[in-house]
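> Chains as they are written, first to last, in the working numbering: chain F, 567 to 1531; chain Z, 114 to 299.
Even glycine gets a Cβ: it sits at the ideal position worked out from N, Cα and C.
A quick note: this is a predicted structure, and the numbers were derived from the prediction, not measured.
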Amino acid sequence: MSRITGGQIDRSKTLRFSFDGVAYAGHPGDTLASALLANGVRLMGRSFKYHRPRGVISAGSEEPNAIVELRSGARQEPNTRATVIELFDGLQAQSQNRWPSLKFDALAINDRLSPFFAAGFYYKTFMWPAAFWEKLYEPIIRRAAGLGSLSKQDDPDDYDKGFLHCDLLIIGAGPAGLSAALTAGRAGARVILADEDFRMGGRLNAETLEVGGGSGADWAAKAVLELAAMPNVRLMTRTTVIGAFDHGIYGAVERVSDHLAQPLPGKPRQILWRIYAARSILAAGAIERPIAFENNDRPGIMLAGALRAYANRWGVAVGDRVAVFTNNDDGLRTVADLKAKGLDVTLIDARQGDEVIDSAGRLGLKSITVRRGNGRTETLAVSALGVSGGWNPNLNIASNHRGRPVWSESLAAFLPPEGAIAGLSCAGAAAGAMSTHGALTTGADQAVQALASLGLTASTDLPQAEDAPVNLKAHWYVHSGKGRAWIDQQNDVTVKDVKLAKQENFVSVEHLKRYTTLGMATDQGKTGNILGLAVMAELTGKTIPETGTTIYRPPYTPVAMGVLGGRARGEDFKPTRHTPSHKWATEQGAVFVEVGYWLRTQWLPRAGETTWRQSVDREVLQTRKSVGICDVTTLGKIDIQGTDAGAFLDKVYANTFSTLGIGKTRYGLMLREDGMVMDDGTTARMGQNEYVMTTTTANAVPVFRHLEYCRQVLWPDMDVQLISTTEAWAQYSVAGPNARKLLEKLVDQDISDAAFPYMACGNITVKGTRARLFRISFSGELAYEIAVPTRYGDAMIRALVEAGRDFDAVVYGTEALGVMRVEKGHVAGNELNGQSSALNMGLGKMVSKKKDAIGMVLSQREGMVQPNGYRLVGVKPVDPAKALTAGAHFLAKGAEAVAVNDGGWLTSVVYSPHLGHSIGLGYLKGGDTRKGERLRVVNLLANTDVEVEIVSPHFFDPEGERLRG
Amino acid sequence: MANALKALTPLGHDAPVSETIGPVTITENVGVALASLASRLGREAEVATVAQAAGIPLPGPGRAETASYGAIWLGPEQWMIEAPFETHEDIVAVLKPLFGEAASITEQTDAWVRFDLTATDLPALFERLCGHDLRRNGTGSATRTVIEHLGCYVVRRAENQVSVIGPRSSARSLHHALITAAKSAF
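Right, here's the structure in full:
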């Protein structure tokens, strides 16, 4: 258990690290696993369910056992695989799922109690009483079946997202991937070569096989050098392609900084790349599988190819006395390579009838029991055992689109389905070409074919390499002994569990998976799945292809949640839209409210005001008494031009616009095709062929999209052009009896009632600056909306406030706006809920029968015109001291609060400072004929029950005398 | 008449902001007036003739061009016209007499914030921002894309110069995204 000669580590440098608080040393090029093994540490974790001592079994991302917590404090990360953690100076790792220590774990008692923990034990044991599940059973199980712990601190690191484009994406930089990249790169194609490892070369780095007469690792290094010099090739190490998505898009996570103690300033820890690939090649190699036998999970027992990799790539001998248990020729390579390193190696070849039937060693392998083909049993004292049951093509990503893997009898393994992902082909061991020659050839060939389909020509120039056949006799598990033989080591699934599943008739692979949890751990059963299928196949007397296999979803390996979120955290979760008055409002201490991405002023507190109601009441009363100013820029503005603009508006609005005079504005109601109200707003006619439509803030984009659809798809023959101008103009409402007097101080033109009557609009100037003026009112007051180019919006609010000093003008926010519109009985978002018609809103007469418009026909459906349907009403409490709550439902006096008695609901509720009590708008069945009735509004959630009177929705100035003033 | 109202830049300052991060310089550009130009139905040829005479290029899909005026393709028979703000603050008043009723013209100047980015390796920056592939789209390319949820135009003015034209109300968010990406990429 020590370093031996060779390997791709830099022995001139020493890296210090710790595991469970003990200090160790390693070298650049080491993984945490190789460095621990080099220090004689075989025990690295405890198993999920039985808390069995476990060590590393692989040398790659398929690792099920050596799962550790990395780093400390806010950067603590659970469930990382020691086999892929690149060693750095100062690395801290801790074992997980053990207490109090890795060597003495109190919960190892579970192992003694294993008969109680067989497959399906959750389902059988924790059935009763149901209430105990969430509060009692689940916390206990989660504590016992640990998957590491969270720091519960904010992640201090940043994550980026990015977009890459290429002709050819090659997934995996082993011999097949490198060969494909050289072929495509030399042909001038845009290539991305991605590998999860920090060193390209794949198995060539772990083998002693020759390529082109020299070492395979050297050939790989030279190939990488050649590729790095090509401007058309992007080499991405430490980059895991996590899945194939639609239309040639692949997800990839690049670990930019995980090999550092912490990211460099300003740099991300990881990047989630979205790769747009015209073609792609899966060259992800193969994953070795074990053979199950009794007690096959002790630290020191690993895959034979991993044992060889630790010796060849990292110069580590896991043990000085070693045995290899194999059913194929690849196992013989491990024997040869370890012998060449001077180790004592014993071969147990299942093809000769030899088998390992048991092992011993509490915290690490001490001996194995071997039954030879002649029936003789012997015990071998070994500290390492390599096991090889053959290699499975690593087809994970090829089945991301539900393509079913295809069984190969000669490999005794599944091959990737051909053509299952458009544009993706497979090469090398991932495609079942298991020799080095096979990898180089298929890699190059697939690249030539992929490029040919893109109209590019490529040629191949392959080096010499071994082409040994796969010589394998399928052997899945040892039929011997009464103990447990592990199949899925991460989830503690044994041969016995599969037998139990079969006994209880969970024989479909999907049931097998869920009943036993086979393949459901973080390793997704990369090493264990096929063993489970093979055992089930044998038990049911079927073949493996008849038994079937589960398929894989992205991600290929676990992905940090942070990288999925990217930069969208905290304040950067979404962009913000600022109104033109934002700077001024911030200076005034305004309270803002989020409206979509917009931040709007909700109210503006003044000194001495301690509650929001004081501010809002003041804003409302002062506006009604004198004048108020409000930023209404957020309302959507759509410029509509063309010789058919008027006719177009007649079709999209329920009421008529073609008759609107130039210089006039009209309120419009827009229906959806189904007859429900889509949006409302005013539209002004600025010229013969020129209109400006306003929409609600919420529907600015949906309405624009709807109009574009109408223009482009429904009526392409109409001469209409549209463009949004929402952001181009800063628009302010100036409302109240003194509104005109205020504006007259700023506007250069005559805006007297005669020159600029109610609903007029026009181009004006404000102290020389181009502006637009609309005489429209949402508050019910004499009101204008004045717009200037947005760059002058800040100056405009300051000018309005300054001009308003003589009138003690207020600036009001959305709350006061809401109060005044409810007082006036105007509908807004709460009433425009997508389920309400013009008739419901009391606006039925606006739907013109003289013309066809979107939604007109369906608005006349029988169900839409029921006399007893919902109608907009005003509501006030009989006792003015009682507050109403929006969402409360109408009930008759004495009626039980059940759905059948429901008469409708309160849509909007405000406190009217003008009236001195709560008022509301609501939809009430048959409400248009029920004025004066007394009902109750009941809110079962808030536990309120208030007697109310039904009144007109127009609480304030019902005749509209003020706004025409 | 002179403006009595004082203008603010989209970032909310009196003067445009410029910041250099490693090899990239990001500058707020407030010197350009914008107007959308859309041909009226059936009058496309007339628009082309008038535009040519006025030095207004009408580039094809995915392209931007500059002559006396600059222009960016927005959609079929629709362009964004660029002119110096100094001389074209009321850009519609300048363009409308040229095209008359042959085209619909709408002022767009203050609907947008424009950031000009210069760097020797702009693709390395933009691959962290949007799906638009600057390695394949060289000088004269222009597209609408999404940067941090914001619909933006990305216009390649030259090998080392790109304009990002985004929604004015989100100027700060867009600027923050550009600065963050620049710090991350370089």
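Can a CB atom of chain Z be found closer than 7 Å to the CB of Y816 of chain F?
Not an interface residue.
> If I measure Cβ to Cβ from L1105 of chain F and keep anything under 6 Å in the same chain, skipping five residues before and after, which residues do I get?
Closer than 6 Å at Cβ, skipping near neighbours: K1068.
> Measure the beta-carbon distance from L147 of chain Z to E195 of chain Z and round it to whole angstroms, keeping in mind my assumption that it falls under 8 Å.
Between E195 of chain Z and L147 of chain Z the Cβ distance is about 6 Å, and since that is below 8 Å, they are a contact.
> Can at least three beta-carbon pairs, one atom from the region 903-917 of chain F and one from the region 873-893 of chain F, be found at a separation below 8 Å?
As far as the Cβ criterion goes, the region 903-917 of chain F touches the region 873-893 of chain F, which means the pair count is three or higher.
> From the DSSP output, read off the bridge partner residues of D1205 of chain F.
Answer is F:V1258, F:I1289.
> Compute the Euclidean distance between the alpha carbons of R285 of chain Z and R156 of chain Z, then round it to the nearest angstrom.
Approximately 40 Å between the Cα atoms of the pair.
> Quick one: list the residues of chain Z neighbouring P1355 of chain F, beta-carbon separation under 7 Å, in chain order.
Those are T222, D223, listed as they occur along chain Z.
> Buried or exposed: E643 of chain F, going by 16 or more other Cβ atoms within 10 Å of its Cβ?
Buried, by the Cβ-count rule.
> Under 8 Å, CB to CB, which of the residues in the region 162-181 of chain Z have a partner in chain F?
Against chain F - using a Cβ distance shorter than 8 Å - the region 162-181 of chain Z contributes no residues.
> Does the separation of the CB atoms of A604 of chain F and A648 of chain F fall below 7 Å?
Cβ distance not < 7 Å, so A604 of chain F and A648 of chain F don't count as in contact.
> Is R176 of chain Z helix, strand or coil by DSSP?
Correct three-state label for R176 of chain Z: strand.
> Which residues in chain F have a C-beta closer than 8 Å to the C-beta of P280 of chain Z? List them in chain order.
Simply R1143, E1293.
> Can you tell me where the alpha helix (DSSP H) with Y876 of chain F in it begins and where it stops?
It spans 870-880 - the alpha helix (DSSP H) in which Y876 of chain F sits, taken as one unbroken run.
> So, is the C-beta of K1333 of chain F closer than 7 Å to a C-beta in chain Z?
Yes - at least one Cβ of chain Z is within 7 Å of the one on K1333 of chain F.
> Quick one, which of F:G956, F:L951, F:I853, F:V1300 has its alpha-carbon nearest N1037 of chain F's?
With distances taken between Cα atoms, N1037 of chain F lies closest to F:G956.
> Would a check of beta-carbon distances place D1494 of chain F closer than 7 Å to chain Z?
No, because no Cβ of chain Z sits closer than 7 Å to the Cβ of D1494 of chain F.
> In chain Z, what lies closer than 7 Å to P1532 of chain F by C-beta?
Since the first and last residues shown for chain F are 567 and 1531, residue 1532 of chain F lies out of range.
> Compare the C-beta of E199 of chain Z with all C-beta atoms of chain F and state if any pair is closer than 7 Å.
Not one chain F Cβ lies under 7 Å of E199 of chain Z.
> How about V1475 of chain F and I1195 of chain F: do their beta carbons lie closer than 7 Å?
No, the Cβ-Cβ distance between V1475 of chain F and I1195 of chain F is not below 7 Å.
> Does A115 of chain Z come within less than 7 Å of chain F when only Cβ atoms are used?
Legend: pLDDT at A115 of chain Z = 49, less than 50; position of this residue unreliable, value from coordinates given subsequently. Closer than 7 Å: yes.
> Along the beta strand (DSSP E) that carries P197 of chain Z, what are the first and last residues, could you check?
Its beta strand (DSSP E) spans residues 191-197.
> Can you grab the Cα-Cα spacing for the pair T935 of chain F / N862 of chain F, in whole Å?
Answer to the nearest angstrom: the Cα atoms are 11 Å apart.
> Nearest to D924 of chain F by alpha carbon, out of F:F1522, F:R864, F:F682, F:T1167?
Answer by Cα proximity: F:R864.
> Given a threshold of 16 other Cβ atoms within 10 Å of its Cβ, counted over all protein chains shown, does A659 of chain F qualify as buried or as exposed?
Classification of A659 of chain F: buried, given that the 10 Å Cβ count is 16 or more.
> So, helix, strand or coil for G264 of chain Z, using DSSP?
Reduced to three states, the DSSP call for G264 of chain Z is strand.
> Take V882 of chain F as the anchor and find which of F:I575, F:D1374, F:D1468 has the nearest alpha-carbon.
The shortest Cα separation from V882 of chain F among F:I575, F:D1374, F:D1468 belongs to F:I575.
> I'd like to know if the region 1129-1137 of chain F and the region 1095-1104 of chain F are in contact, where contact means that at least 3 CB-CB pairs between them fall below 8 Å.
Touching, no, given that fewer than three Cβ pairs across the two stretches are closer than 8 Å.
> With 16 as the cutoff for other CB atoms within 10 Å, does W186 of chain Z come out buried or exposed?
Answer is buried; the Cβ neighbour count reaches 16.
> Looking at chain F, is there any beta carbon in it that lies within less than 7 Å of the beta carbon of D234 of chain Z?
D234 of chain Z does not count as touching chain F.
> Counting only C-beta atoms, is D246 of chain Z closer than 7 Å to chain F at any point?
It does; some Cβ of chain F falls within 7 Å.
> Could you give the distance in angstroms between the alpha-carbon of T293 of chain Z and the alpha-carbon of K727 of chain F?
Looking at the two C-alpha atoms, the distance is approximately 12 Å.
> Report the rounded CA-to-CA distance for L961 of chain F versus A746 of chain F, giving the unit in angstroms.
Rounded to whole angstroms, L961 of chain F to A746 of chain F spans 17 Å at the Cα level.
> CA-CA distance, V650 of chain F and P1111 of chain F?
Between V650 of chain F and P1111 of chain F, the C-alpha separation is close to 32 Å.
> So W1213 of chain F and N1255 of chain F are supposed to be a Cβ contact under 8 Å. How far apart are they, rounded?
Going by the sequence as given, residue 1213 of chain F is Ala instead of Trp. Not quite, the Cβ-Cβ distance comes to about 11 Å (not below 8 Å), so this is no contact.
> I want to verify the contact list: residues of chain Z whose CB lies under 9 Å from the CB of A1361 of chain F, in sequence order.
Within chain Z, the residues near A1361 of chain F are N116, A117, L118, K119, A120, L121.
> Whose C-beta lies closer than 8 Å to the C-beta of I815 of chain F among residues of the same chain, with five residues either side of it excluded?
So the list reads R840, I841, Y842, A843, once near-sequence residues are dropped.
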